[in-house]
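Here our numbering = 1-based position in the sequence shown + 41. C-beta: ideal position from N, C-alpha, C; glycine also.
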Amino acid sequence: MKTLIFEYSTCVGNNNLMSEGFEILKRLLEDLEYLSYDVDYLLMDNLNIDSVKKSNKITLKEDLFNWLAKNSSNYDFCLFVAPEDDLIQYKITKILEKNNVNLLTSNSSASYTCCSKILTYQKTPEDILKIPSIIIDTSHYDINLINDKVKYNHIICKPDNYTSSNYIYSIKKDELEDIIKIYQKSNIKKMLIQKFVNGTPISISAIINTKDVNILSINSQIIRNYENRMSYKGCVSPIKHPLENRIKEISCKIIKSIPGLKGFVGIDYIIDDKDIYFVEINSRITTPYIVLGKISNKNLTEYLIESIIHNKKMEEITFNDEGEFYNEK
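So this is what it looks like as structure tokens:
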């Protein structure tokens with residue numbers, strides 16, 4: 042089974058995502074050391090994973106998209122991690138689908154939906170509690186019209202289609218135009234303006250095939266708020282939660298509403314008392330994978346791949362402890 046593995050930031054040099062990306066790639070490849078798969082992986086020349094001996098490292102000498110267009114047809118399967126930014130994940134998925142590579146991730150339709158937070162909201166059921174939001178085009182806007190539409194003073198501003206938390210701001214409404222100007226300078230056109238919900242951020246991790254949804258864990262999220270900027274600093278996984286059953290029920294409902302979701306995905310929420318606010322779906326492997334892979338009673342990557350290939354109801358998987366990951370950037 043010829044398999045291609047890669048993580049976008051570690052093969053093209055995206056520093057914003059490098060820390061988590063490298064650790065996710067390392068976790069995948071270390072799990073694969075114990076399996077009989079024939080694995081190639083993409084990694085920058087100046088990076089090495091000393092613990093990986095069996096898999097074959099490939100260093101790109103050209104653009105990733107060009108390389109995939111020319112070479113991905115040589116592989117039976119591909120498991121990759123890439124950001125939603127500027128439809129990167131979607132574009133990679135389309136290339137792999139065109140070359141008839143079996144995806145161990147979501148298909149291009151699901152990827153396209155999840156690349157936009159507002160589109161994801163539109164696709165999910167109306168009875169899912171969502172954060173009040175509007176979307177604006179930063180290149181063409183009317184601040185007076187926006188102020189009329191935004192009925193709350195404390196707001197969150199975030200790009201509609203970015204993975205990194207670099208551009209998430211927690212501000213008062215009268216500061217909004219300053220943030221729009223920052224987005225303009227950074228060439229971010231679509232901005233989501235949301236009501237600030239004063240709750241606890243959590244996520245869930247799930248593995249999905251066409252026959253089953255397995256909610257693996259609920260995870261805490263470590264969010265830093267410094268000078269109005271909010272940034273993701275890590276997670277604790279898995280955690281106990283008093284609303285566990287409702288969170289899992291809502292998660293399954295959201296997942297089933299997005300055709301084509303497959304493999305490992307994450308869903309973010311904010312919990313305010315007993316209200317469970319849906320934030321977004323990440324249709325890819327997310328940071329908790331780093332932790333869960335270390336404390337699972339099974340080889341998590343083997344479990345992920347075999348669950349997709351055999352496409353049947355999944356066996357139970359448990360975790361022996363609680364773990365954590367901190368991004369030191």
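What residue from Ser298, Arg325, Ile197 has the CA that sits closest to Pro173's CA?
-> As a working mapping, residue 173 is identified with position 132 in the sequence shown. The shortest C-alpha separation from Pro173 is found at Ile197.
Is Lys102 buried or exposed, if buried means 16 or more other CB atoms sit within 10 Å of its CB?
-> Here residue 102 refers to the residue found at position 61 of the sequence shown. So Lys102 counts as exposed.
Which residues mark the beginning and the end of the alpha helix (DSSP H) in which Arg371 is found?
-> Look at the range of the chain in this structure, 42 to 370, and you will see that residue 371 is not part of it.
Does DSSP classify Lys132 as helix, strand or coil?
-> Translated into the one-based positions of the sequence shown, residue 132 becomes position 91. Of the three classes helix, strand and coil, the one that applies to Lys132 here is helix, per DSSP.
Counting Cβ pairs closer than 8 Å, one from the segment 341-350 and one from the segment 233-242, do we hit at least three?
-> no
Return the chain-ordered list of same chain residues with a C-beta closer than 6 Å to the C-beta of Asn140, the five sequence neighbours on each side being excluded.
-> Position 99 of the sequence shown, counting from 1, holds the residue named residue 140. Excluding residues within five positions, the ones whose Cβ falls inside 6 Å are Ser113, Ser114.
Taking one C-beta from the segment 223-231 and one from the segment 197-212 each time, how about it: are there three or more such pairs within less than 8 Å?
-> yes
Going by the CB atoms, is the gap between Ala110 and Tyr49 shorter than 9 Å?
-> Counting from one through the sequence shown, the residue named residue 49 turns up at place 8. Counting from one through the sequence shown, the residue named residue 110 turns up at place 69. The answer is no: Cβ separation not under 9 Å.
Return the first residue and the last residue of the alpha helix (DSSP H) that Thr154 is part of.
-> In the sequence shown, the residue the question calls residue 154 occupies position 113. Start and end: 149-155.
Identify the residues that DSSP records as bridge partners of Ala247: which are they?
-> Taking the sequence shown and counting its residues from 1, the one referred to as residue 247 is at position 206. Per DSSP, Ile256, Val306.
Touch test, the segment 327-340 against the segment 178-189, Cβ-Cβ under 8 Å, three pairs minimum = no
In chain order, what residues of the same chain lie with their CB nearer than 8 Å to the CB of Asn188, ignoring the 5 residues before and after it?
-> On the sequence shown, residue 188 is found 147 positions in, with the first residue counted as 1. Same-chain partners within the cutoff: Lys214, Leu217.
In terms of DSSP beta bridges, what is Gly275 paired with?
-> Looking up residue 275 in the sequence shown gives position 234. Gly275 is bridged to Ile263, Tyr367.
How many whole angstroms separate the CB atoms of Lys252 and Asn352, which I take to be in contact at a CB cut-off of 8 Å?
-> Position 211 of the sequence shown, counted from the first residue, corresponds to residue 252. Position 311 of the sequence shown, counted from the first residue, corresponds to residue 352. Sure, about 6 Å apart at Cβ, within 8 Å.
Check whether the segment 143-161 touches the segment 299-310, taking contact to mean three or more Cβ pairs, one atom from each stretch, closer than 8 Å.
-> yes
Should Asn185 go down as buried or exposed, given a rule of 16 or more other Cβ atoms within 10 Å for buried?
-> Mapped onto the sequence shown, residue 185 falls at position 144. Counting Cβ neighbours within 10 Å, Asn185 comes out exposed, since fewer than 16 surround it.
Tell me, please, which residues DSSP counts as bridged to Met232.
-> Your numbering for residue 232 matches position 191 in the sequence shown. According to DSSP, which records beta bridges pairwise, Met232 is partnered with Ile177, Pro200.
Which residue comes first and which comes last in the beta strand (DSSP E) that contains Asn323?
-> By 1-based counting over the sequence shown, the position of residue 323 is 282. Counting along the chain, the beta strand (DSSP E) containing Asn323 begins and ends at 316-323.
DSSP on Glu48, reduced to helix/strand/coil?
-> Position 7 of the sequence shown holds residue 48. Looking at Glu48 - three-state DSSP - the assignment turns out to be strand.
DSSP state of His282, grouped into three classes?
-> Looking up residue 282 in the sequence shown gives position 241. Coil at His282, not helix or strand.
Leaving aside the five residues before and after Arg265 along the sequence, list all residues of the same chain whose C-beta is less than 6 Å from its C-beta, in chain order.
-> By 1-based counting over the sequence shown, the position of residue 265 is 224. Closer than 6 Å at the Cβ level, and outside the excluded window around Arg265, lie Ser272, Lys274.
Start and end of the beta strand (DSSP E) containing Phe121?
-> Counting from 1 along the sequence shown, the entry for residue 121 is found at position 80. That run of the beta strand (DSSP E) goes 118-122.
Within the same chain, show all residues whose beta-carbon is closer than 7 Å to that of Asn143, passing over the 5 residues directly before and after it, in chain order.
-> Looking up residue 143 in the sequence shown gives position 102. Correct list, in chain order: Asp117, Phe118.
Close-in-space but distant-in-sequence residues of the same chain around Ile322 (CB under 6 Å, 5 per side omitted) | Position 281 of the sequence shown, counting from 1, holds the residue named residue 322. Same-chain partners within the cutoff: Cys155, Thr161, Ile308.
Buried versus exposed call for Thr374 [16 or more other C-beta atoms within 10 Å across all chains shown] = Nothing can be reported for residue 374, as the shown portion of the chain is limited to 42 through 370.
If you count every other CB in all the chains shown that lies within 10 Å of the CB of Tyr310, and 16 or more means buried, which is it?
-> Along the sequence shown, read from residue 1 onward, the residue named residue 310 stands at position 269. It counts as buried.
Reduced DSSP secondary structure (H/G/I, E/B, other) of Thr241 = The residue you call residue 241 lines up with position 200 of the sequence shown. Three-state DSSP puts Thr241 in a strand.
State the start and end residues of the unbroken alpha helix (DSSP H) segment that holds Ile348.
-> Residue mapping note: residue 348 aligns to position 307 of the sequence shown, counting from 1. Going by the sequence as given, residue 348 is Ser instead of Ile. Where Ser348 is concerned, the enclosing alpha helix (DSSP H) stretches over 341-351.
Rounded to the nearest angstrom, how far is the Cβ of Ser92 from that of Glu71, given a contact under 8 Å?
-> Start at 1 with the first residue of the sequence shown, and residue 92 comes out as number 51. Start at 1 with the first residue of the sequence shown, and residue 71 comes out as number 30. 6 Å between Cβ atoms; contact.
Buried or exposed by the 16-neighbour rule on C-beta atoms within 10 Å, applied to Glu369 = The sequence position of residue 369 within the sequence shown is 328, counting from 1. Exposed, because fewer than 16 other Cβ atoms sit within 10 Å of the Cβ of Glu369.
Reduced DSSP category for Leu144 - H, G, I as helix; E, B as strand; rest coil | Here residue 144 refers to the residue found at position 103 when the sequence shown is read from its first residue. If DSSP states are grouped into helix, strand and coil, Leu144 belongs with the strands.
Which word fits Lys281, buried or exposed, when buried means at least 16 other C-beta atoms lie within 10 angstroms of its C-beta?
-> The sequence position of residue 281 within the sequence shown is 240, counting from 1. It is exposed - the Cβ of Lys281 has fewer than 16 other Cβ atoms within 10 Å.
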